[in-house]
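Peer 1: According to numbering that gives the first Met the number 0, the sequence shown is numbered sequentially starting from 0. Each residue gets a CB set at the ideal place from its N, CA and C atoms; glycine is no exception.
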Amino acid sequence: MPDIFVPSNQKNTPPIHPIEKNSLGLFSSLCKNPDGVSFTSQETDEEVILFMRRHFITNLPWLTFCLILLTIPSLLGAIFSAVGNPFLFLENTHTIIMSLLFYAGVVAYAFLEFIHWYYNIGLLTQNRVVDVDFSDLLFHDISITKLGLIEDVNYRKSGFFGSLFNYGDVFIQTAGNKPNFDFIAVPNPSEVIHIIVALMGKDKPHG
Numbered sequence: 000m001p002d003i004f005v006p007s008n009q010k011n012t013p014p015i016h017p018i019e020k021n022s023l024g025l026f027s028s029l030c031k032n033p034d035g036v037s038f039t040s041q042e043t044d045e046e047v048i049l050f051m052r053r054h055f056i057t058n059l060p061w062l063t064f065c066l067i068l069l070t071i072p073s074l075l076g077a078i079f080s081a082v083g084n085p086f087l088f089l090e091n092t093h094t095i096i097m098s099l100l101f102y103a104g105v106v107a108y109a110f111l112e113f114i115h116w117y118y119n120i121g122l123l124t125q126n127r128v129v130d131v132d133f134s135d136l137l138f139h140d141i142s143i144t145k146l147g148l149i150e151d152v153n154y155r156k157s158g159f160f161g162s163l164f165n166y167g168d169v170f171i172q173t174a175g176n177k178p179n180f181d182f183i184a185v186p187n188p189s190e191v192i193h194i195i196v197a198l199m200g201k202d203k204p205h206g
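1. Taking the straight line between their C-alpha atoms, what separation do you get for N91 and K20?
2. In chain order, what are the residue ranges of uninterrupted alpha helix (DSSP H) at least 4 long that sit wholly in the stretch 133 to 192?
3. According to DSSP, is L111 helix, strand or coil?
4. For F113, which option in P188, L59, A103 has the closest C-alpha, if you only look at C-alpha atoms?
5. For V47, tell me which candidate among G161, L123, F182 has the shortest Cα-Cα distance.
6. By the DSSP assignment, the beta strand (DSSP E) with K31 in it spans what residues?
7. Quick one: residues in its chain with C-beta nearer than 8 Å to the C-beta of L198, no 5 flanking neighbours on either side, listed in chain order?
8. Tell me the rounded alpha-carbon separation between N119 and E45.
9. How many angstroms separate the CA atom of I95 from the CA atom of V106?
10. Go ahead and pull the three-state DSSP assignment for F101.
11. Am I right that G128 and I171 are in contact with their C-beta atoms under 8 Å? What's the rounded C-beta distance?
12. Hey, how far is the Cα of S189 from the Cα of G175?
13. Give me the residue from R52, D151, Y154, T70 with the minimum Cα distance to G24.
14. Quick check on D130: buried or exposed, where buried means 16 or more other Cβ atoms within 10 Å of its Cβ?
15. With R52 as the anchor, note down where its beta strand (DSSP E) starts and where it stops.
16. Taking Cβ to Cβ, would you say F38 is nearer than 9 Å to I141?
17. With the cut-off set at 9 Å, would you say V116 and T63 are in Cβ contact?
18. Grab me the residues of F55's own chain with a C-beta within less than 6 Å of its C-beta, minus the 5 sequence neighbours each way, in chain order.
19. Would V169 and D151 be called neighbours here (beta carbons separated by less than 9 Å)?
20. With a threshold of 6 Å on Cβ separation, who are the neighbours of L68 within its own chain once the five nearest residues in sequence on each side are excluded?
21. Per DSSP, what kind of secondary structure is L23 in: helix, strand or coil?
Structural data, given as structure tokens:
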């Protein structure tokens, strides 16, 4: 016999599927629904939907520069062996110390460049846009705006590398005196725009 009365706690309800989180790698530049990402003013029910930062390929100039710097001591050693060493008056200990200081300087430069890339990020939640600008080890600035204050979004992809590796600049214009948001050289800018527009409830982006 079919049940005439079904208690409310036994009614058929559609299952709730939690949002699948994606792990954020060390060199990730774009990640939807990232796992373990949060910020200081995040609300209890606020979820980070999109994580973005500059495409890793944009680090190529300073990486190349560091590699060139690292070859200088060996190159000088080869030249001095061929034409004579003008620094024979220096003791071996002094030469070693100078070499170590040089390498330490290169490593420090590379570390600062990596930190600058790693911590300059943009976050998108279902309610807000967050822009974290990391200038150096002692200063960073966090700008936040609500999605309802966004008036226009667009992107620009320029240059050979931008087209080849599919990255570009995303521009978010806000209402009134609120600051505008610029996310430079982020991967797949068209997808970023579509996600923002979808959360805003608009029909289509401008690009």
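Peer 2: So, from the listed chains and residues:
1. 55 Å
2. 159 to 164
3. helix
4. L59
5. L123
6. According to the DSSP assignment, K31 belongs to the beta strand (DSSP E) that extends over 29 to 31.
7. I48, L123, Q125, L146
8. 21 Å
9. 16 Å
10. helix
11. The sequence given here places Val at residue 128; Gly does not occur at that position. Yes, they are in contact, since the Cβ atoms of V128 and I171 sit about 6 Å apart, within 8 Å.
12. For the pair S189 and G175, the Cα-to-Cα distance works out to about 25 Å.
13. R52
14. buried
15. 47 to 52
16. Closer than 9 Å, so yes.
17. Reading off the sequence shown, one finds Trp at residue 116, where the question assumed Val. Going by C-beta atoms, W116 is not nearer than 9 Å to T63.
18. F26, S28
19. Contact flag unset, no.
20. V105
21. Coil.
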